[in-house]
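Residue numbers (my numbering): 947 to 1039.
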């Protein structure tokens, strides 16, 4: 499984609210769907020990090649929330 992370975010309730604005009518996990309604990725919010939070994005095996769509959504959230995007190799994007 391929994953991406949006790290160093604010408190969980605020991040969940912002994610719900971008992907409405969903709750943990939020689904990022392809044009055919098939899930490309599953997004969830988790708390860190220091009071911050992060979004974990797990890509569907059927859509492992649609990184561009996932990163585009993460960049949109990054613009709203600030933060750092990392891949599952811990490389900053």
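The C-beta atom is built at its ideal place from N, Cα and C for all residues, glycine as well.
query	result
Distance between residue 956 and residue 1025 (C-alpha atoms, nearest Å)	14 angstroms
N-terminal and C-terminal residue of the beta strand (DSSP E) that residue 1013 is part of	Unbroken run through residue 1013 is the alpha helix (DSSP H), 1013–1027; no beta strand (DSSP E).
The stretch 983–997 contacting the stretch 1012–1020, beta-carbon criterion three pairs below 8 angstroms	yes
Bridge partner(s) assigned by DSSP for residue 985	979
Pairwise C-alpha distance: residue 977 and residue 961	15 angstroms
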